Amino acid sequence: MRKWLSLKDAPVHFDNFMSFMIGTIDATLAAQNCALAAENAGLGVCYMGSTLANCDQVGELLNLPPNIVPVVGYSLGYPAEKPAQRDRLPKRGIVHYDQYRDYSDKEILEIYKERDEKGWKRYMDIPKLKEMIERLGLKNLAQIYTIAKYTKESHHEFSQTVLNYLEMQNFMNNE
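Structure below.
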């Protein structure tokens with residue numbers, strides 16, 4: 001788009017965080033629509049959270065020009081097996097009507113109950129993961145997510161990677 005603006009003697013000022021966010025939302029919506037179409041055609045889809053977390057490496061690998069940031073990626077293919085669908089929160093835990101509604105502690109525990117139980121079992125059924133959980137002294141799925149899987153340190157590191165790449169790709173001119 002920036003090249004087109006330049007060719008048309010139009011101001012080129014889509015170099016800020018808001019522009020990145022608009023592009024990210026557009027790319028994510030397009031990716032989701034493609035994923036739904038692929039699944040409808042019998043293809044399997046596996047989203048890769050590592051795309052954004054490693055956007056600098058993905059960008060280098062794909063030889064992306066300035067002003068392009070890889071934010072979403074997935075693999076597509078015909079599944080060799082039919083794995084069970086991953087646990088999702090119940091509708092009452094994610095859909096709000098008219099306005100946001102904060103849940104009580106009791107309601108939150110009820111909303112997450114099935115996910116807690118099934119997720120814990122899934123991890124404990126894999127010997128290597130069970131050993132790690134026991135070694136770390138983890139007691140529940142929330143601790144697995146925040147102590148073993150998605151640590152504060154890793155999120156800080158990935159955040160810095162994304163921010164540095166946004167700067168390099170000319171998306172941080174916010175003055």
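So in the UniProt record's numbering, spot 80 of the sequence shown is number 80, and the numbers just go up one at a time.
Note that beta-carbon positions come from the ideal geometry of N, C-alpha and C, so glycine has one too.
Small disclaimer: the values here were computed from a predicted structure and weren't measured.
Under the 8 Å Cβ criterion, the segment 132–140 does not count as touching the segment 22–34, having fewer than three qualifying pairs. In the structure shown, the three-state DSSP call for L76 is strand. Excluding five sequence positions before and after Y123, the CB atoms of its chain that fall closer than 8 Å to its own CB belong to L129, K130, I133, L141, I144, given in chain order. No Cβ-Cβ contact shorter than 8 Å links Y165 with D87. Counting C-beta atoms within 10 angstroms of its own C-beta, L52 has 16 or more neighbours from the protein chains shown and is therefore classed as buried. In terms of Cβ geometry, P79 and G44 form a close pair [threshold 8 Å].
The Cβ neighbour count for V95, taken over all protein chains shown within 10 Å, is under 16; the residue is labelled exposed. The beta carbons of Q169 and V58 sit no closer together than 8 Å. Straight across, the Cα-Cα distance linking N173 with F17 is about 8 Å. In the three-state scheme derived from DSSP, where H, G and I count as helix and E and B as strand, Y165 is classed as helix. Secondary structure remark: continuous beta strand (DSSP E) runs of at least 3 residues inside the UniProt domain "Nitroreductase" (25–78), in chain order: 44–47, 74–77. Judged by DSSP in its simplified three-state form, R122 adopts helix. The alpha-carbon of D15 is positioned some 24 Å away from that of H156.
P90 places its beta carbon 8 Å or farther from that of I108. Within 10 angstroms of the beta-carbon of N54 lie 16 or more other beta-carbons, which makes it buried.
Going by DSSP, L5 is part of the alpha helix (DSSP H) stretching over 2–7. If you look at K91, you'll find it isn't in any alpha helix (DSSP H); DSSP assigns it neither H nor E.
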